[in-house]
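Trainee: Sequential numbering from 26 applies to the sequence shown in the numbering used here. We put the CB at the ideal spot given by N, CA and C, even for glycine. Attaching a single structure in structure tokens format; questions to follow.
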Amino acid sequence: MERKTVRGISIECVTGDIVHQSDMDAIVNAANAQLRIGGGVAGAIHRAAGPGLEAECQALAPIAPGEAVITAGHNLPNRFIVHCLGPVYGRDEPSAELLAACYRNALRLAEEAGIRAIAFPAISTGAFGFPMQAAARVALQTVADEAPRLHSVRHVRFVLHDAADQAVHARILEELVA
Ligand code: AR6
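Take a look at the structure:
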């Protein structure tokens, strides 16, 4: 686990499962455009949240790359889920800007909802093919850039599926505060 304070925001990089973050007010979904169940993070979140989530999502879909919407957490221990559609690497361009927009829009929705603590997966780095290191740079830099606009949000956690991905994020976080 790696933790640093960047412009007043506590940023953590941990190894784990996004659906097991019971101390967070909100978790972020690496969604598909239709906000349906899908695989990876989206599959895990929908399975844990139950069918009420898909029902609530129907009215909000479709979303475009870079966009985010917010729902209740349903059967998850978190009050909210923020659903982001990341760019498909090599197809949705400019991919880095669209990925940054996901993090920015998610943080702004969290701020409006009065959320204090939010956990992100590494959006676009699975089925959507975004290289992990480049994605981690965009993710962490965007949180740092947004930090001065955050008042409610005080704690941002990146939850990475494995130790190698966590190490990539931890190193970039250290560079950010160096
Ligand atoms: N907790 C934390 N991280 C996870 C988990 C988990 N439970 N499961 C996977 N990861 P992905 P994307 C990591 O594919 O690239 C879906 O089918 C994974 O190792 O979930 O944005 C949707 O329906 C990877 O590093 O999201 C969309 O169609 C990262 O989370 C599409 O995939 C993101 O992987 C979205 O693709």
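Using only the heavy atoms of the ligand AR6, determine whether one of them is closer than 7 Å to the beta carbon of T150.
Mentor: Position 125 of the sequence shown holds residue 150. Flag set: Cβ of T150 near the ligand AR6.
Trainee: Using CA coordinates, which residue listed in N130, G98, N103 and I36 is at the minimum distance from I88?
Mentor: Here residue 88 corresponds to residue number 63 of the sequence shown, with the count starting at 1. When only C-alpha atoms are compared, the closest one is N130.
Trainee: DSSP state of N54, grouped into three classes?
Mentor: Numbered from its first residue, the sequence shown carries residue 54 at position 29. Of the three classes helix, strand and coil, the one that applies to N54 here is strand, per DSSP.
Trainee: Along the beta strand (DSSP E) that carries H176, what are the first and last residues, could you check?
Mentor: Counted from its first residue, the sequence shown places residue 176 at position 151. Counting along the chain, H176 falls outside any beta strand (DSSP E), and DSSP gives it neither H nor E.
Trainee: So what's E37 in DSSP terms, helix, strand or just coil?
Mentor: As a working mapping, residue 37 is identified with position 12 in the sequence shown. It is a strand residue.
Trainee: So is the beta-carbon of F183 under 7 Å away from any non-hydrogen atom of the ligand AR6?
Mentor: Numbered from 1 along the sequence shown, position 158 holds the residue referred to as residue 183. Outside the cutoff, so no.
Trainee: Considering Cα atoms alone, identify which of R28, V107 and A56 is closest to D50.
Mentor: Translated into positions along the sequence shown, residue 50 becomes position 25. That would be V107, whose Cα lies nearest to the Cα of D50.
Trainee: Return the residue from the list R28, F145 and A172 that minimises the CA-CA distance to L110.
Mentor: For the purposes of this step, residue 110 is identified with residue 85 of the sequence shown, where counting begins at 1. The candidate whose alpha carbon is nearest that of L110 is F145.
Trainee: Taking CB distances under 8 Å as the criterion, tell me whether D187 reaches chain D.
Mentor: Within the model displayed, chain D is absent; a lone protein chain is all it includes.
Trainee: Between which two residues does the beta strand (DSSP E) containing A142 stretch?
Mentor: Numbered from its first residue, the sequence shown carries residue 142 at position 117. Segment A142 to F145, the beta strand (DSSP E) holding A142.
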